[in-house]
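Trainee: Sequence order for the protein chains is P and B. The opening residue of the first sequence carries number 14 in my numbering; numbering runs sequentially from there. The opening residue of the second sequence carries number 14 in my numbering; numbering runs sequentially from there.
2 protein chains.
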Amino acid sequence: MRARLSQVAFDLFLREGFEKVTVGDLATAAGVSRSTFLRYFGSKEEAVLTAFDAHGRQVAAAVRDRPAAEDDWTALRRALDAVVGHYRSDPESALAMTRLVRETPALCARQLEKQHGWRPALAQALAERAGSARPVTVALTVRAAAALDCLNVALDHWTASDGRLDLEGLLDEAFAALGPDSRMVG
Amino acid sequence: MRARLSQVAFDLFLREGFEKVTVGDLATAAGVSRSTFLRYFGSKEEAVLTAFDAHGRQVAAAVRDRPAAEDDWTALRRALDAVVGHYRSDPESALAMTRLVRETPALCARQLEKQHGWRPALAQALAERAGSARPVTVALTVRAAAALDCLNVALDHWTASDGRLDLEGLLDEAFAALGPDSRMVG
DNA sequence: CCAAGTATGAAACTCAGTGTTAGAGTAGAC
DNA sequence: GTCTACTCTAACACTGAGTTTCATACTTGG
């Protein structure tokens, strides 16, 4: 049901624009009452962004699976392959979704908020990686945040290029801009 | 007038809590009409967050003033001294403000949005630093974003410590976690 | 004095989001 | 079978944000 409602919302938002569509419209289109719609999704935005819910958990889980010997930055980069895979598997709708989110201020804001919520979990995952029980430090938190920024910046460019640029390559480029091998110039 | 309204709002939010206070309450407390209040600030949140408006511009300006020979990461770190100075000059109210923002989901979200808006300007400043006309690349954007994360993480810890930890030191620590000298471990 | 712009206020409106209540369907206990 | 408890849904009322429209001062330059 949740999935169906989410799909209806996505379609309607694409067709009419996020602001034009009211919660009532969504409910009608999905054949449920306004109340029901709002019980499934706390807000209009959530109906779209629920599609990203899995990403945060997946990346954190992927980080935990990286070998303990690996440095944090590499572990984060590799963990993001999970997300990249998602975009590669269905570039069409991924592009439409990303575009919708970036072009709608309300959605963009909510997604920032959502990703902000991933940060502690990601830092925690870094700390607990491979059984080691490191404390969550400033350094780990900053790296988690920076990795998410890399993803976002790469996605921005990927979307701006209509999906023509290679997401993998953009992400590598973004990570290289901050890594230990970067000279932080140019 | 704007400054006065903002002050009234800040005080009332601190005293009663952001959600409890309606725009009508703010207007009454400030002795203006609801309409007037909402014409000065597009939203309730903006009445508080307008205090941060200068920061974005200041950091970008500070980046432009850094020597061209300096690497990006150092330039960003030094540019953030402008913001740090703001917190050092009035730690009391800065702490109260930061706490209010972090503890109020609506405010936190809006501030993320606001800082997100700084990113392009900051990347642009990096690119144009000291007259050089470099294009805005993925690398520059990522560094700008990461620097803002460093500020946020440092502020989080500073706030959590009731202002007892040294903000300057926390920021250095955050920057060191990503810099060229970092081994990205621990 | 006048005219044009500007700051304010009043009121009506749309819509998001919350809470409450009540009915319909379902599953298990006995 | 039926009573009970639980869940899903609809209907409805309510608060409050934010927008728009219109009217009324209050400047300020000519």
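Ideal Cβ placement from N, Cα and C applies to all residues, glycine included.
If the cut-off is 7 angstroms on Cβ atoms, which residues from the stretch 88 to 105 of chain B count as contacting chain P, listed in chain order?
Mentor: The residues in question: there are none.
Trainee: Any Cβ of chain P within less than 9 angstroms of the Cβ of Trp-86(B)?
Mentor: So yes, Trp-86(B) belongs to the interface.
Trainee: Grab me the residues of Phe-54(B)'s own chain with a C-beta within less than 6 angstroms of its C-beta, minus the 5 sequence neighbours each way, in chain order.
Mentor: Contacts found: Ala-60.
Trainee: Go through the stretch 60 to 145 of chain P residue by residue and report every complete run of the beta strand (DSSP E) that reaches 3 residues or more, in order.
Mentor: Counting whole runs of 3 or more residues, the stretch 60 to 145 of chain P contains no beta strand (DSSP E) stretch at all.
Trainee: Which residues of chain B have a Cβ atom closer than 7 angstroms to the Cβ of Glu-126(P), listed in chain order?
Mentor: Those are Ala-122 and Leu-125, listed as they occur along chain B.
Trainee: Output yes if chain B places a C-beta closer than 9 angstroms to the C-beta of Val-151(P); else output no.
Mentor: Yes - at least one Cβ of chain B is within 9 angstroms of the one on Val-151(P).
Trainee: Check the Cβ-Cβ distances between Leu-183(B) and every residue of chain P, and say whether any is below 9 angstroms.
Mentor: Leu-183(B) counts as touching chain P.
Trainee: Would you check if there are 3 or more beta carbon pairs closer than 8 angstroms linking the stretch 166 to 184 of chain P to the stretch 149 to 157 of chain P?
Mentor: The answer is no - the stretch 149 to 157 of chain P does not touch the stretch 166 to 184 of chain P, with fewer than three Cβ pairs under 8 angstroms.
Trainee: Check whether the Cβ of His-170(B) lies closer than 9 angstroms to any Cβ atom in chain P.
Mentor: So yes, His-170(B) belongs to the interface.
Trainee: Need the endpoints of the alpha helix (DSSP H) that Leu-180(P) sits in, please.
Mentor: Per DSSP, Leu-180(P) belongs to the alpha helix (DSSP H) from 180 to 189.
Trainee: Using only the alpha-carbon positions, how far apart do Pro-118(P) and Val-45(P) sit?
Mentor: Approximately 27 angstroms, taken between the alpha carbons.
Trainee: Should Arg-17(P) be counted as a contact of the ligand SAM given a C-beta to heavy atom distance under 8 angstroms?
Mentor: Within the structure as shown, the ligand SAM is missing, as the structure has no ligands at all.
Trainee: By the criterion of Cβ-Cβ separation under 7 angstroms, what are the contact partners of Ala-158(B) in chain P?
Mentor: Per Cβ cutoff of 7 angstroms: Asp-162 and Val-166.
Trainee: Quick check on the DSSP output: the alpha helix (DSSP H) that includes Glu-29(B) runs from which residue to which?
Mentor: 15 to 29 is the span of the alpha helix (DSSP H), which, as asked, contains Glu-29(B).
Trainee: In this structure, does DSSP put Lys-57(B) in helix, strand or coil?
Mentor: Here Lys-57(B) sits in helix by DSSP.
Trainee: Restricting to Cα atoms, I'd like to know which of Thr-41(P), Arg-15(P) and Trp-86(P) is closest to Leu-25(P).
Mentor: Nearest option by C-alpha distance: Thr-41(P).
Trainee: Thinking C-beta only, is Ala-134(B) closer than 9 angstroms to Gly-69(B)?
Mentor: In this structure, Ala-134(B) lies closer than 9 angstroms to Gly-69(B) by Cβ.
Trainee: Closest to Thr-87(B) by CA distance: which of Arg-112(B), Glu-186(B) and Arg-196(B) is it?
Mentor: For Thr-87(B), the nearest C-alpha among the options comes from Glu-186(B).
Trainee: Please classify Thr-150(P): does DSSP put it in a helix, a strand, or coil?
Mentor: It is coil, neither helix nor strand.
Trainee: Less than 9 angstroms separating the beta-carbons of Leu-184(B) and Arg-90(B)?
Mentor: Yes; because the gap between Cβ atoms is below 9 angstroms, this pair is in contact.
Trainee: Report yes if the C-beta distance between Ala-64(B) and Met-14(B) is below 9 angstroms; otherwise report no.
Mentor: No, the pair does not count as a contact, with Cβ atoms beyond the cut-off.
Trainee: By how many angstroms is the C-alpha of Asp-103(B) removed from the C-alpha of Val-72(B)?
Mentor: Distance between the alpha carbons of Val-72(B) and Asp-103(B): 18 angstroms.
Trainee: Report the neighbours of Arg-196(P) on chain B: residues whose CB is nearer than 8 angstroms to its CB, in chain order.
Mentor: Chain B residues near Arg-196(P): Asp-84 and Pro-193.
Trainee: Can you give me the Cβ contacts of Met-156(B) inside the same chain, cut-off strictly under 8 angstroms, excluding the 5 residues immediately before and after it?
Mentor: Before going on, a small fix: residue 156(B) reads as Arg here, not Met. So the qualifying residues of the chain are Asp-85, Trp-86, Leu-89, Ala-136 and Leu-139.
Trainee: List the residues of chain P that Val-155(B) touches, going by C-beta distances under 7 angstroms, in chain order.
Mentor: Asp-162, Cys-163, Val-166, Ala-187, Ala-190 and Leu-191, listed in chain order.
Trainee: Excluding the 5 residues preceding and the 5 following Ala-107(B) in the sequence, name in chain order all residues of the same chain whose CB lies nearer than 6 angstroms to its CB.
Mentor: So the qualifying residues of the chain are Tyr-100.
Trainee: Using C-beta distances below 8 angstroms, list every residue in its chain close to Gln-62(B), excluding the 5 sequence neighbours before and after it, in chain order.
Mentor: First, the amino acid is wrong: residue 62(B) is Leu here, not Gln. These residues qualify, in order along the chain: Val-114, Leu-120, Arg-123, Gln-124 and Lys-127.
Trainee: Verify the CB distance criterion: does Pro-228(B) have a CB-CB separation below 9 angstroms to chain P?
Mentor: Chain B is shown only over 14 to 199; residue 228(B) falls outside these bounds and no answer can be derived.
Trainee: Please report the straight-line C-alpha distance between Ala-95(B) and Ala-167(B), rounded to a whole angstrom.
Mentor: C-alpha separation (whole angstroms): 15 angstroms.
Trainee: Candidates Thr-172(B), Met-197(B), Asp-194(B) and Leu-164(B): which alpha carbon is nearest Val-97(B)'s?
Mentor: It is Leu-164(B).
Trainee: Buried or exposed: where does Ala-43(B) fall if 16 or more other Cβ atoms within 10 Å of its Cβ makes it buried?
Mentor: Burial call: buried.
Trainee: Sort Arg-79(P), Gln-20(P) and Glu-32(P) by Cα distance to Ser-145(P) and report the nearest one.
Mentor: For the residues Arg-79(P), Gln-20(P) and Glu-32(P), the minimum Cα distance to Ser-145(P) belongs to Arg-79(P).
Trainee: Mind reading off the beta-carbon distance from Ala-22(B) to Leu-39(B)? Whole number of angstroms is fine, and I expect it under 8 angstroms.
Mentor: Sure, about 5 angstroms apart at Cβ, within 8 angstroms.
Trainee: What number of angstroms, rounded off, separates the C-alpha of Glu-105(B) from the C-alpha of Phe-188(P)?
Mentor: The alpha-carbon atoms of Glu-105(B) and Phe-188(P) are separated by roughly 37 angstroms.
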